[in-house]
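For reference, the structure is listed below as structure tokens.
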Amino acid sequence: KQEVTQIPAALSVPEGENLVLNCSFTDSAIYNLQWFRQDPGKGLTSLLLIQSSQREQTSGRLNASLDKSSGRSTLYIAASQPGDSATYLCAVEGSGYALNFGKGTSLLVTP
Amino acid sequence: SAVISQKPSRDICQRGTSLTIQCQVDSQVTMMFWYRQQPGQSLTLIATANQGSEATYESGFVIDKFPISRPNLTFSTLTVSNMSPEDSSIYLCSVGGAPGANVLTFGAGSRLTVL
Chain A
7 KQEVTQIPAA LSVPEGENLV LNCSFTDSAI YNLQWFRQDP GKGLTSLLLI
57 QSSQREQTSG RLNASLDKSS GRSTLYIAAS QPGDSATYLC AVEGSGYALN
107 FGKGTSLLVT P
Chain B
8 SAVISQKPSR DICQRGTSLT IQCQVDSQVT MMFWYRQQPG QSLTLIATAN
58 QGSEATYESG FVIDKFPISR PNLTFSTLTV SNMSPEDSSI YLCSVGGAPG
108 ANVLTFGAGS RLTVL
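Shown next as structure tokens:
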């Protein structure tokens, strides 16, 4: 059974810092890995999708990497802003369409 | 990407009652999924809602407790039956295309509190 772990569980940083969120998974047989952002009352927003054949994806200040063989992904956020405060979820898609989610990293960026 | 509307956004329910959550999509989609997020936990897939046939349930979830309907390609409902406080969760509807190919879109979720 796929297990997805996210570290740290919570993170507080001052505005402007660069930060890294970590995700690990136990079964490397995945189709893709996605990073989501969850805001209270607003559901989940997909940030980046990395196919199993890719090593990284970038969108604005966000960069996600994938090392499938070691079962790891990182989400790098550059020049963090208070608006980045949210819970960040990592999810991997394996066989049968299901997404397996980590518990998330709760990020607080202080002005 | 598809826009998903979920109703209700939140509700407080009494033990032993049932509640139906609706998920409406603004375009036809192949795949619709229902997830549960218990307090402090990750999202867990309940079932895949199949159009015109019974839903496919994940291990630990059964049709009697979580009956699902999918009458067409834009709408689905999830019922949480005979609720107990342990059912207090956020329930999310999600839609996507072919497995491994498309980004999944999620609704805002329905936060249920069972007293």
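Note that the protein sequences, when read in sequence, are chains A and B. Start counting the first sequence at 7; every next residue gets the next number (the numbering used here). Start counting the second sequence at 8; every next residue gets the next number (the numbering used here). By construction, the Cβ of each residue, glycine as well, lies at the ideal position given by its N, Cα and C atoms.
- Taking the Cβ atoms as the reference, G103 (chain B) lies roughly 16 Å from Q13 (chain B), outside the contact range of under 8 Å.
- Distances from the alpha-carbon of N57 (chain B) to those of B:L80, B:S16, B:M90 put B:L80 closest.
- Among the CB atoms of chain A, none fall inside 7 Å of the CB of S95 (chain B).
- For F113 (chain B), the neighbours in chain A by C-beta distance under 7 Å run, in chain order, G49, L50.
- Residue environment for L122 (chain B): exposed (fewer than 16 other C-beta atoms within 10 angstroms of its C-beta).
- The bridge partners DSSP lists for F107 (chain A) are A:A97.
- Note on the segment 51-87 of chain B: there is no whole alpha helix (DSSP H) run with a minimum of 4 residues.
- In its chain, beyond the 5 residues on either side, G100, S101 have a beta carbon closer than 8 Å to the beta carbon of A35 (chain A).
- For F107 (chain A), the chain B residues whose C-beta falls within less than 7 Å of its own C-beta are S49, L50, listed in chain order.
- In the structure shown, the three-state DSSP call for D90 (chain A) is helix.
- Think of a sphere of 8 Å around the beta carbon of L99 (chain B): the chain A residues whose beta carbon falls inside it are G49, L50, in chain order.
- In the DSSP assignment, D73 (chain A) forms a beta bridge with A:R78.
- Taking each of A:P14, A:G66, A:E23 in turn and checking the Cα distance to V115 (chain A), the smallest one comes out for A:E23.
- Put simply, the CB of G59 (chain B) is far from chain A, with every gap to its CB atoms at 7 Å or more.
- Of all residues in the segment 10-24 of chain A, only V10, Q12 come within less than 9 Å of chain B when Cβ atoms are compared, listed by chain position.
- D33 (chain B) sits in coil when the DSSP states are folded into three classes, being neither helix nor strand.
- The beta-carbon of A104 (chain A) is placed less than 7 Å from the nearest beta-carbon of chain B.
- In the assembly as shown, R61 (chain A) is an exposed residue. Its beta-carbon has fewer than 16 other beta-carbons within 10 Å.
- Look at the segment 56-83 of chain B: the residues with a C-beta under 8 Å from a C-beta of chain A are E65.
- Looking at the backbone, the Cα of M39 (chain B) and that of F68 (chain B) are separated by about 16 Å.
- Of A:L53, A:T51, A:D73, the smallest CA-CA separation from F31 (chain A) is found for A:D73.
- Shortest Cα-Cα distance from Y42 (chain B) to any of B:T86, B:S91, B:M90 involves B:T86.
- Cβ neighbours of S91 (chain B) within its own chain (closer than 7 Å, five residues either side excluded): R22, V121.
- In the pairwise beta carbon analysis, the segment 86-95 of chain A is classified as touching the segment 11-29 of chain A: at least three pairs are separated by under 8 Å.
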